[in-house]
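Numbering (the working numbering), first residue to last: 2 to 345.
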Ligand code: ST9
Ligand code: ZN
Ligand code: ZN
């Protein structure tokens, strides 16, 4: 099944309880599941589809197919280039911002850089930084277990997008509540984004991106709208590949006992976030990879550039001999497999 076989076998519950729940509202249901879960751990976890999200994501994907048709049938070249530019900028908001700066603290950034990254992270519309980071920290701490929001053990579809279409496993919320978020609570930029998110999202992810082509090069509203849907949907899918493909396919040079892999295709597409076996072993490295080749890691180029102009500082990385020792001890022997691509 699409949401992972194991989903239905969690926490065995009595059938009566499940039937009773069907007649209550969704939120009551959710609360009940949580209550049951805490009172009797042998209760069954049944996933509940969130139809609002299913419909939204279906619309995004069908709209994107239409946008691809329009690229060859009327959409102006500038509009497509604008979409590609925005996708790349938004990607940096996720990779350099939400991921390497806020989730893992792999470097420090002065406030103008944090402000820029927050704006770009909003364009990417992947939930506000606080929520993104909490889900991501719980993903690292409990990788490929029930407490991992996109547990790759539940299959490709679940870890790719399915996890956004169903209510979270109670373990995610339980374990997630214990994650230390105090560093983000102290960052006013994170705080204000969270507070204003409901206004910022339509403005920065849709209204402004659609308005620019219409105003500056007379694009039609329809073409600009679909182009924007495509830009958003494509960057979501690239991001999700880190959770799906890079948790399934590739070598494990640093730790062969864990799910995450070194996936070159994902690395190129996701601006350097596909060296995921390394990243799960050494999450504090600002390169999110052992080697810093810019072509395979655009985010690293961006952070290095920001360091050069004085906006980023205190970059963390791992000494080569420490990596060597770890790879020898727990790796699968493929450490230099991608060396030609990855070594500077
Ligand atoms: C999206 C995110 O796409 C993508 C993230 C990908 C991460 C990838 C990481 C890989 C590395 C980086 C690679 C970058 C590559 C980039 C390349 C770019 C080209 N702990 O959420 P609710 C609480 S988003 C603790 O409603 P449900 C929560 O606070 C797409 N607590 O859960 C709330 O409490 P309260 C756009 C937690 O009802 C309560 O639980 N966004 C945690 O189960 C209920 O929360 C969407 O589509 C936690 N971890 O619903 C929205 N989590 O009531 C999608 C939650 O007190 N989300 N809580 O406030 C939703 O609609 C819902 O969250 C849901 C679950 C339906 C999925
Ligand atoms: Zn990470
Ligand atoms: Zn991961």
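Here a beta-carbon is modelled for each residue, glycine too, at the ideal position from N, C-alpha and C.
- CA-CA distance, residue 287 to residue 74, rounds to 42 Å.
- In the DSSP assignment, residue 85 falls within the alpha helix (DSSP H) that extends over 78–93.
- Its Cα nearest to that of residue 190, the residue 122 stands out among 122, 66 and 250.
- Residue 77 and residue 225 have their alpha carbons spaced roughly 9 Å apart.
- With a threshold of 6 Å, the Cβ atom of residue 153 does not count as near ligand 1, since no heavy atom of the ligand is closer than that.
- With a threshold of 6 Å, the Cβ atom of residue 259 does not count as near ligand 1, since no heavy atom of the ligand is closer than that.
- DSSP links residue 276 through a beta bridge to 263.
- When 301, 188 and 242 are compared, the shortest CA-CA separation from residue 112 is found for 188.
- Between ligand 1 and residue 186, a heavy atom-to-CB distance of less than 6 Å is absent.
- A Cβ-Cβ contact shorter than 7 Å links residue 254 with residue 332.
- For residue 141, the enclosing alpha helix (DSSP H) has its first and last residue at 130–142.
- Following the DSSP letters along the chain, one finds residue 64 inside the alpha helix (DSSP H) bounded by residues 52–72.
- Residue 84 and residue 91 have their C-alpha atoms roughly 10 Å apart.
- Rounded to the nearest whole angstrom, the CA to CA distance from residue 218 to residue 80 is 8 Å.
- Beta-bridge partners of residue 252 (DSSP): 263.
- In the DSSP annotation of this structure, the continuous segment of the alpha helix (DSSP H) that includes residue 172 starts and ends at 171–178.
- In the structure shown, residue 167 adopts extended strand secondary structure according to DSSP, grouped into three states.
- When Cβ pairs closer than 8 Å are counted between the two stretches, the segment 260–269 is seen to touch the segment 236–247, the count reaching three or more.
- DSSP places residue 196 in the helix class (H, G or I) of the three-state scheme.
- Between the beta-carbon of residue 130 and that of residue 93 there is about 14 Å, and that puts the pair past the 8 Å contact cut.
- Rounded to whole angstroms, the gap between the alpha carbons of residue 132 and residue 126 is 12 Å.
- Sorting 150, 145, 272 and 72 by C-alpha distance to the C-alpha of residue 236 places 272 at the top.
- A straight-line Cα-Cα distance of about 20 Å links residue 303 and residue 82.
- Look at residue 169: its beta carbon is less than 6 Å from one of the heavy atoms in ligand 1.
- When 330, 230 and 321 are compared, the shortest CA-CA separation from residue 62 is found for 230.
- Contact between the segment 167–184 and the segment 200–215 is absent, with fewer than three C-beta pairs closer than 8 Å.
- A check of alpha carbon separations from residue 57 across 162, 309, 335 and 212 identifies 162 as the nearest.
- Counting every other CB atom within 10 Å of its CB across the protein chains shown gives residue 322 a total below 16, marking it as exposed.
- Under the DSSP assignment, residue 49 falls outside any alpha helix (DSSP H); it carries neither an H nor an E label.
- Residue 311 and residue 170 have their C-alpha atoms some 42 Å from each other.
- At least 7 Å separates the beta-carbon of residue 134 from that of residue 48.
- With respect to residue 300, residue 96 sits close: the two C-beta atoms are nearer than 7 Å.
- Counting along the chain, the unbroken alpha helix (DSSP H) around residue 326 starts and ends at 321–331.
- Residue range 222–244 is occupied by the alpha helix (DSSP H) that includes residue 239.
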